[in-house]
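Colleague: Dropping the structure in here first, questions after.
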C-alpha cells in the first residue's frame, strides 16, 4: 500500500507539474490568440529590423549561452535607445528564441534590442542563473560601443520567470548584502526603468510554484538562511534598490495575483511603479511577449515604451494604475494612492492557478494615451554604492 500511495502521489505531482509548466510556458494560457498571429495580422512598425542571431557569449557546463540582437534601420546619426530582454519558462524551460517576435516588435519601434538567456534548473540554481544573465548583460555593455546609442535610455524587459531574474539582477546592482548572499558580482549595466510582464515574483509561497519547483530553483542554496531570506521579493533590500517598474498582467494570467501583490509592495515602499491590467480573461500569462502582434499586446507595448521615455526625460507622469479599457478612469499622478476597491484583488489565492479577483474597473482602456514620438567570477569585493535614478 505504501508503494501504491507513493506512486499515486508522484502521478498527481507530475500531472500538476505538467499543467503548471504549460501555463508558465504559455502553451495553454492564451486560448484563441494564436489565430491572430498570422503574417497578415502583423502591425506595420515604423522601422525595418536587422537581426544578428546566436551570438555566443559564454560556455558553462558545456551549455553555450548566446544572445540575439535586433537593430532597427534608423538614420546613421540617430542615437538608439536600448532594451535588454530576458525570457521566461519557469526557470526550467525555454530559451531566448521564444521571445524573438516580441524582440522584433520592440526593435520595430526604434529600439536596439538584445536578448540574453541562462542555464535552466536543475542544472543551475537561481544564483547561477542570475550570474548567467549578468554575464550576458556585461557582453551587451561591451557591444554598445559599436552602435550609436543613447546611454541615458537603457531599459530592461522580462516576462514570467525572466521578470523574477530581472528583479534580482537590477537590485543586486546597488545592494552589497544581496551580492554577498547570492555570491556573484552584479552586472555593470544601469537601467533607467524595467518592464515586468506576468512576473513569477514569488518562488517560496505555499502554492504550486513553491511546492513543485522551489527545490529545483534553489538546490543546496535552500539550506542557506542568509540566501533564502532574500528570496522574498518584498524584502526591503530588493524593493529599495529597484529602478522605476512598469508591471503588466491580465485577468487570464494565472499568476496575476503575483503582479498585483508585488505592485502593492512597491507602492508601500514609495517606489515609482505603474500597473497595466487587462480585464479580458482570454489574455493569458505573458500574452504580450508570446503573442506580440495581437492588438492588445501592441497596445501594451506602446504604453510601456511611452512610460519608459517619460522616466528618461522627466515628462508628464501617468496614473499609477490603469485597466485596459477606459476613459472613465480618474486622472492621478504616479505618486497618488488611488482610491479604488482593488486592494482585495491583491490578496493571495490559496493556490496558483486561481486568478486574483478582478479589479472593479471599466472594461476597455482609453486610446487617448498616444505613443511618444565573463567567464564571470564569484564576488570577492563589494559592488557599487546605490545611486538614485
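Numbering (the numbering used here), first residue to last: -9 to 379. Here a beta-carbon is modelled for each residue, glycine too, at the ideal position from N, C-alpha and C.
Go through its chain and collect everything with a Cβ distance to residue 69's Cβ below 7 Å, but skip five positions before and after it.
Modeller: Answer for residue 69: 138, 139 and 140, listed in chain order.
Colleague: When you compare only the Cα positions, how much space is there between residue 274 and residue 223?
Modeller: Their backbone Cα atoms lie some 23 Å apart in a straight line.
Colleague: What are the complete beta strand (DSSP E) segments, minimum 3 residues, inside the segment 230 to 303?
Modeller: Runs found: 235 to 240 and 263 to 268.
Colleague: I need the boundaries of the beta strand (DSSP E) containing residue 45, first residue and last residue.
Modeller: 39 to 50 is the extent of the beta strand (DSSP E) around residue 45.
Colleague: Taking the straight line between their C-alpha atoms, what separation do you get for residue 62 and residue 102?
Modeller: So the alpha carbons of these two residues sit roughly 6 Å apart.
Colleague: Could you give the DSSP three-state label for residue 81: helix, strand or coil?
Modeller: It is coil, neither helix nor strand.
Colleague: Could you pull out every residue in the same chain whose Cβ sits closer than 7 Å to the Cβ of residue 85, ignoring the five residues on either side in sequence?
Modeller: For residue 85, where only same-chain residues beyond five positions count, the Cβ hits under 7 Å are 77 and 107.
Colleague: Among 235, 276, 264 and 208, which residue has its Cα nearest to the Cα of residue 246?
Modeller: Taking only the C-alpha atoms, the option nearest residue 246 is 276.
Colleague: With a 10 Å radius around its C-beta and 16 neighbouring C-beta atoms as the bar for buried, classify residue 205 as buried or exposed.
Modeller: So residue 205 ends up on the exposed side.
Colleague: Have a look at the DSSP bridge pairing and note the partners of residue 183.
Modeller: Note: residue 183 sits in a beta bridge opposite 145.
Colleague: Kindly indicate which three-state DSSP category residue 56 falls into: helix, strand or coil?
Modeller: Three-state DSSP puts residue 56 in a strand.
Colleague: Less than 6 Å between C-beta atoms, sequence neighbours within five positions excluded: which residues of the same chain meet that for residue 98?
Modeller: Once the five neighbours on either side are set aside, the close Cβ partners of residue 98 are 35, 37 and 39.
Colleague: Can you tell me whether residue 221 is buried or exposed, with buried defined as 16 or more other CB within 10 angstroms of its CB?
Modeller: Answer is buried; the Cβ neighbour count reaches 16.
Colleague: Does DSSP classify residue 220 as helix, strand or coil?
Modeller: DSSP places residue 220 in coil when its eight states are reduced to three.
Colleague: Note the first and the last residue of the continuous alpha helix (DSSP H) segment covering residue 73.
Modeller: Residue 73 -> not in any alpha helix (DSSP H); beta strand (DSSP E) instead, spanning 70 to 76.
Colleague: Using DSSP's beta-bridge definition, name the partner residues of residue 104.
Modeller: Answer is 59 and 74.
Colleague: Going along the chain, which residues of its own chain have a beta-carbon closer than 6 Å to the beta-carbon of residue 146, five neighbours each way excluded?
Modeller: Result list for residue 146: 74, 156, 181 and 184, in chain order.
Colleague: With 16 as the cutoff for other CB atoms within 10 Å, does residue 231 come out buried or exposed?
Modeller: Per the 10 Å Cβ criterion, buried.
Colleague: Going by the beta-carbon positions, is the gap between residue 218 and residue 278 smaller than 8 Å?
Modeller: Not a contact, by the Cβ cut-off of 8 Å.
Colleague: Using the beta-carbon count (16 or more within 10 Å), is residue 132 buried or exposed?
Modeller: It counts as exposed.
Colleague: Going by alpha carbons, who is nearest to residue 150 out of 167, 172 and 186?
Modeller: Checked all of 167, 172 and 186; the closest Cα to residue 150 is 186.
Colleague: Under 8 Å between the Cβ atoms of residue 136 and residue 57?
Modeller: Going by C-beta atoms, residue 136 is not nearer than 8 Å to residue 57.
Colleague: Quick check on the burial criterion: 16 or more other C-beta atoms within 10 angstroms. Buried or exposed for residue 143?
Modeller: Buried, because 16 or more other Cβ atoms sit within 10 Å of the Cβ of residue 143.
Colleague: Would a C-beta distance cut-off of 8 Å place residue 111 and residue 174 closer than the cut-off?
Modeller: No; because the gap between Cβ atoms is not below 8 Å, this pair is not in contact.
Colleague: Which value, in whole angstroms, describes the spacing of the CA atoms of residue 258 and residue 163?
Modeller: Approximately 22 Å, taken between the alpha carbons.
Colleague: Between which residues of its own chain and residue 94 is the CB-CB distance below 7 Å, once the five residues before and five after are set aside?
Modeller: 39 and 60, listed in sequence order.
Colleague: Under the rule that 16 or more other beta-carbon atoms within 10 Å means buried, what is residue 115, buried or exposed?
Modeller: Classification for residue 115: buried.
Colleague: When the distance is taken between beta carbons, is residue 179 closer than 8 Å to residue 130?
Modeller: Against a cut-off of 8 Å, the Cβ pair of residue 179 and residue 130 comes out as a contact.
Colleague: Spatial neighbours of residue 49 within its chain, please: C-beta separation below 8 Å, excluding the five flanking residues on both sides.
Modeller: Same-chain partners within the cutoff: 55.
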